[in-house]
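Take a look at the structure below.
Residue numbers (this note's numbering): 4 to 200.
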């Protein structure tokens, strides 16, 4: 049996880093994607603490008070672009940046530009939210992130940054996955109990 190519293969084939997390959720894919896209990462106290630690380590300037918002809305407001989307199934976001800077600026790249972009001293990052139904009312939810530097200098800077930053970034994903699962399953059970499933 052959496996389907990963959704990010179109954008980053040979990443410098690749992190993928999956969980099984007893709810339909459309509901899972709705919950995931609207998930407010900073609503979780541990995630807030991790982001605050990054600010302290890099000396990030304090921004304006943040209003609660979903992950998709927030990342778009930070400069990420949507590279590809299928409603209720998956979304792929991407940007170029210099993640080792205290105040990171994310710059969206067009779908046709992303794979070939090679501007100096940059890192291209693409990430997904994916919901694939594996059985009726059972979904495999996945989040994948890939990053690749555009030259040797940026690769060295990114490697130094990633040595410590990966722990917080991975921890955020590890908190996000079960939180999305719990909320999607709670909503699905509630809907079924009301006879609206």
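We put the CB at the ideal spot given by N, CA and C, even for glycine.
Nothing here was measured: the structure is a model prediction, and the numbers come from that model.
Taking C-alpha positions only, residue 186 is separated from residue 103 by approximately 33 Å. Around the C-beta of residue 117, 16 or more other C-beta atoms lie within 10 Å, and the residue is accordingly described as buried. Counting the other CB atoms within 10 Å of its CB gives residue 31 a total of 16 or more, which places it among the buried residues.
Rounded to whole angstroms, residue 125 and residue 154 show a C-alpha spacing of 8 Å. Excluding the 5 residues flanking it on each side, residue 120 has same chain C-beta neighbours closer than 8 Å at 99, 112, 127 and 153, in chain order.
Distance from residue 164 to residue 97 at the Cβ level is roughly 18 Å; contact not present, criterion being Cβ atoms closer than 8 Å. Within its own chain, the residues whose Cβ lies closer than 7 Å to the Cβ of residue 18, once the five positions on either side in sequence are excluded, are 149, 150 and 151, listed in chain order. Excluding residues up to 5 positions away in sequence, 94 lie with their Cβ nearer than 6 Å to the Cβ of residue 88 in the same chain. Annotated three-state conformation of residue 182 is helix, per DSSP. Pairing residue 92 with residue 178, the inter-Cα distance amounts to about 21 Å. When C-beta atoms of the stretch 131-139 are compared with those of the stretch 157-172, fewer than three pairs fall below 8 Å, so the two segments do not count as touching. The beta-bridge partner set that DSSP reports for residue 145 consists of 25 and 133. Between the alpha carbons of residue 29 and residue 78 lies a gap of roughly 27 Å.
The beta-carbon separation of residue 122 and residue 73, rounded to 30 Å, does not stay under the 8 Å limit for a contact. Here residue 16 carries a coil assignment [DSSP, helix/strand/coil]. For the options 11, 181, 190 and 188, the alpha carbon positioned closest to that of residue 86 is the one of 11.
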